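Going by our numbering, the sequence shown runs without a break in its numbering and finishes at 244.
Glycine is no exception: its CB is placed at the ideal position from the N, C-alpha and C atoms.
Quick caveat: nothing in here was measured; it's all calculated off a predicted structure.
All remarks here apply to the structure that follows.
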Amino acid sequence: WNRRNRAAMKEVLVPANLKIVWLIEKHEDEIQRAFHELLTSQEHESRFSSYHNVSDDDHDWNHRVVLRHLMNAVRTRDRGVLAAYSRDLAERRFEQGFKPEELCGALEALNLVCLRVLLRREEARGLRQGLRDYVTATLRAGCDQAQEVFELADARARRTRAGAAPTPPAP
């Protein structure tokens, strides 16, 4: 009985979300590289045309920032962290002339890259559902927020062009 209790006390159970954050941090460079290649490849030029006009330095910074927000959202299990960032990013991308499909496509591409990179790792064994719950669902929530911002911004722009008074941005 004593041996079993001591063995049980030595085993530390780490929640899935923290394991996933550790994996993302460990493979961050590979994820960023694969994400950059996907967004800027000639094969996906029509899908991500606006991303082809972004400098490599800006890509690197943007990828680092979105990954940090994703890791914070996964670490805290609070999708609002990435959702708020996605709203701000959508406002910026709208002003830069991006299409909502490009931004949401980029978030979907980030999800795909994370899954591809992480699921190849032995350390990710048993985390498939956790990756869906914490990474995929979080990035989808970010996409939903971005689409909402694009719709509101587009409606404001149309009203402004029509001569009506612009409505204030949504909170």
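Under the three-state DSSP convention, the category residue i falls into
i: residue 245; result: Because the chain in this structure spans residues 74 to 244, residue 245 falls outside the shown range and cannot be described.
i: residue 247; result: Beyond the ends of the chain as shown, which are 74 and 244, falls residue 247; an answer cannot be given.
i: residue 172; result: coil
N- and C-terminal bounds of the alpha helix (DSSP H) containing residue i
i: residue 159; result: 153-168
i: residue 204; result: 201-204
i: residue 145; result: 129-149
Beta-carbon proximity check, residue i vs residue j, cutoff 8 Å
i: residue 207; j: residue 93; result: yes
i: residue 112; j: residue 179; result: yes
i: residue 23; j: residue 159; result: There is simply no residue 23 to check, as the chain begins at 74 and stops at 244 in what is shown.
i: residue 212; j: residue 183; result: yes
i: residue 91; j: residue 152; result: no
i: residue 109; j: residue 136; result: yes
i: residue 167; j: residue 228; result: no
Pairwise C-alpha distance: residue j and residue i
i: residue 100; j: residue 125; result: 24 Å
i: residue 217; j: residue 157; result: 11 Å
i: residue 210; j: residue 185; result: 12 Å
i: residue 176; j: residue 164; result: 11 Å
Contact with chain B by residue i, beta-carbon distance below 8 Å
i: residue 145; result: Here there is only one protein chain, and chain B is not present.
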